[in-house]
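The next block holds one structure in the form of structure tokens; read it before the comments.
Protein chains: 2
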Amino acid sequence: MVEAEAVGVDLEIIVQGAHGRSKPELRLWLRMLSTTKLISQEIRRRLRAEFGATLPQFDLMAQLYREKDGLRLGELSKRTMVTNGNVTGLVERLEADGYVQRVTPQGDRRVTVAKLTEAGVTLFAAMAAAHEGWLQDMMADIDPDAVAALWSEIGTVKASANNHLSGAAFE
Amino acid sequence: MVEAEAVGVDLEIIVQGAHGRSKPELRLWLRMLSTTKLISQEIRRRLRAEFGATLPQFDLMAQLYREKDGLRLGELSKRTMVTNGNVTGLVERLEADGYVQRVTPQGDRRVTVAKLTEAGVTLFAAMAAAHEGWLQDMMADIDPDAVAALWSEIGTVKASANNHLSGAAFE
DNA sequence: CACGAACCTTTGACATTTCAAATATCTGCT
DNA sequence: AGCAGATATTTGAAATGTCAAAGGTTCGTG
Chain R
0 MVEAEAVGVD LEIIVQGAHG RSKPELRLWL RMLSTTKLIS QEIRRRLRAE FGATLPQFDL
60 MAQLYREKDG LRLGELSKRT MVTNGNVTGL VERLEADGYV QRVTPQGDRR VTVAKLTEAG
120 VTLFAAMAAA HEGWLQDMMA DIDPDAVAAL WSEIGTVKAS ANNHLSGAAF E
Chain X
0 MVEAEAVGVD LEIIVQGAHG RSKPELRLWL RMLSTTKLIS QEIRRRLRAE FGATLPQFDL
60 MAQLYREKDG LRLGELSKRT MVTNGNVTGL VERLEADGYV QRVTPQGDRR VTVAKLTEAG
120 VTLFAAMAAA HEGWLQDMMA DIDPDAVAAL WSEIGTVKAS ANNHLSGAAF E
């Protein structure tokens, strides 16, 4: 292949960006992403080690835990930010494990409602307590005021992102 | 798809429940997580729509772009925070598409080094430019000072989490 | 120089992920 | 009634993700 020197010039600029001189927004994003990944992986490891559960399962059960009457799969999909097809599989496996049960309500046979079983409630309660402890542990070195401030600041990030999605979304 | 009500529902609100009684650390975590997820999904959509690429591919190519001499797969694994086995498959597919090439160096036949091809460099340069623009766009509503401040604050979060991992890990 | 320990990557079994297409059901309008 | 269109879920293909075990390869030390 021919050496593309003309391209190389433009690329250098971008490379520089990737290194140290990038736009603040990009730097912020990369740091948010790596931090979130780091914490997520730690939580996943511990969920697996101590409860034999996965993070998506935990998330899904969290939703059902606060809706004792259960949730339609579509609702679950929105709340967990997971696609419909994915929810199907997740609920299937949780049902097979005995933590979730599926019901089709009288009025509308298109709908499937998932709710926690007794075993599911018990398991999730234990996981939730541990989960909260892990987070306090992992964030132990942060100034408490900074935690609250960050929560607020990240809210503006979220709002801004929400305002500039390509698809239609609002709030 | 013009739902009036359910669209506005927010992951955090659901998770935390009406009684915002959860610990600040948990609240912060949930907000970080949902925000990151929101932005990631948008980036993924756009990468797919405009370049036919996936986010993990973009991440992997970003690392290789910065190291013109290529990286060993283990190094790639660390930098992308992806497991070894996963890197194997990612590189395989990128190689099949002609964007990456694998070489086993002279000295050590255990090692595989991956590096971008010409086509890979060209593609990544285009994606990186777009990517940076998307982020500036999505973060357009945030006060510029806040962006820098957040970058710094999140650094302390990352450091704290890093300090309290169960396994041995570092930065 | 031989052998066990350490290192690097791949493989295999599963779970999760997305998107798009297919199913099934309900609703509104004629 | 009946049918088009909206809704809800499932299915299927492909990619990504983890972990654990298996393959080679190299290195240090007896």
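Which chain is which? The protein sequence lines are R and X, in order.
Residue numbering for the first sequence follows this note's numbering, starting at 0 and increasing by one per position.
Residue numbering for the second sequence follows this note's numbering, starting at 0 and increasing by one per position.
Even glycine gets a Cβ: it sits at the ideal position worked out from N, Cα and C.
Here the structure is a predicted model, which means the values were calculated and not measured.
Coil, strand or helix - residue i by DSSP
{"i": "R/Lys77", "result": "helix"}
{"i": "R/Val110", "result": "coil"}
{"i": "X/Gln105", "result": "coil"}
{"i": "X/Leu115", "result": "strand"}
{"i": "R/Leu164", "result": "coil"}
{"i": "X/Met137", "result": "helix"}
{"i": "R/Lys22", "result": "coil"}
{"i": "X/Asp58", "result": "helix"}
{"i": "R/Glu152", "result": "helix"}
{"i": "X/Asp144", "result": "helix"}
{"i": "X/Gly51", "result": "coil"}
{"i": "X/Glu94", "result": "helix"}
{"i": "R/Thr82", "result": "coil"}
{"i": "X/Glu131", "result": "helix"}
{"i": "X/Glu41", "result": "helix"}
Counted within 10 angstroms of its Cβ, other Cβ atoms place residue i as buried (16 or more) or exposed
{"i": "X/Met80", "result": "exposed"}
{"i": "R/Arg177", "result": "Because chain R spans 0 through 170 in this model, residue 177 of chain R falls outside it and cannot be assessed."}
{"i": "X/Glu152", "result": "buried"}
{"i": "X/Thr111", "result": "buried"}
{"i": "R/Ala95", "result": "exposed"}
{"i": "X/Lys192", "result": "Lying outside 0 to 170, the shown extent of chain X, residue 192 of chain X is not represented and no answer is given."}
{"i": "X/Glu41", "result": "buried"}
{"i": "R/Gln56", "result": "buried"}
{"i": "X/Ser159", "result": "buried"}
{"i": "R/Gly84", "result": "exposed"}
{"i": "R/Val86", "result": "buried"}
{"i": "R/Ala147", "result": "exposed"}
Straight-line Cα distance separating residue j from residue i
{"i": "X/Asp142", "j": "R/Leu164", "result": "19 Å"}
{"i": "X/Asn162", "j": "X/Leu25", "result": "18 Å"}
{"i": "X/Arg78", "j": "R/Ala61", "result": "31 Å"}
{"i": "X/Trp150", "j": "R/Met31", "result": "8 Å"}
{"i": "R/Ala125", "j": "R/Gly51", "result": "12 Å"}
{"i": "X/Ala167", "j": "R/Asp136", "result": "Reliability of the predicted coordinates at X/Ala167 is poor, the pLDDT of 46 falling under 50, and the value obtained from them is presented with this limitation in mind. One C-alpha to the other measures close to 16 Å."}
{"i": "R/Leu29", "j": "R/Gly106", "result": "47 Å"}
{"i": "R/Gly16", "j": "R/Pro23", "result": "Because the pLDDT at R/Gly16 is just 43, under 50, the model does not fix this residue reliably, and the point stays unresolved."}
{"i": "X/Ala145", "j": "R/Leu134", "result": "24 Å"}
{"i": "X/Ser76", "j": "X/Arg43", "result": "20 Å"}
{"i": "X/Thr121", "j": "R/Leu27", "result": "25 Å"}
{"i": "X/Lys114", "j": "X/Gly132", "result": "25 Å"}
{"i": "R/Gly88", "j": "X/Arg92", "result": "26 Å"}
{"i": "X/Val102", "j": "X/Glu66", "result": "14 Å"}
{"i": "X/Ser21", "j": "R/Ser21", "result": "36 Å"}
Option in the options with minimal Cα separation from residue i
{"i": "X/Val64", "options": "X/Gln40, X/Ala128 and X/Asp107", "result": "A small correction: the amino acid at residue 64 of chain X is Tyr; Val does not occupy that position in the sequence shown. Looking at the Cα atoms, X/Ala128 is the closest of the given residues."}
{"i": "X/Thr34", "options": "X/Ala147, X/Ser151 and X/Met138", "result": "X/Met138"}
{"i": "X/Thr82", "options": "R/Leu37, R/Leu134 and R/Asp140", "result": "R/Leu37"}
{"i": "R/Asp68", "options": "R/Trp150, R/Gln100 and R/Asn85", "result": "R/Gln100"}
{"i": "X/Val90", "options": "X/Thr116, X/Gln105 and X/Arg30", "result": "X/Thr116"}
{"i": "R/Thr155", "options": "X/Leu54, X/Asp140, X/Leu75 and X/Gly97", "result": "X/Asp140"}
{"i": "R/Arg109", "options": "R/Leu122, R/Gly73, R/Tyr98 and R/Glu131", "result": "R/Gly73"}
{"i": "R/Pro104", "options": "R/Leu54, R/Leu59, R/Arg71 and R/Leu32", "result": "R/Arg71"}
{"i": "X/Leu54", "options": "X/Ala145, X/Ala148 and X/Phe123", "result": "X/Phe123"}
{"i": "R/Ala48", "options": "R/Glu66, R/His130 and R/Leu59", "result": "R/His130"}
{"i": "R/Gly97", "options": "R/Gly119, R/Leu29, R/Gly88 and R/Gly132", "result": "R/Gly119"}
{"i": "X/Ser39", "options": "X/Glu66, X/Asp58 and X/Arg92", "result": "X/Asp58"}
Sheet register partners of residue i (DSSP bridge)
{"i": "R/Arg71", "result": "R/Val112"}
{"i": "X/Val99", "result": "X/Leu115"}
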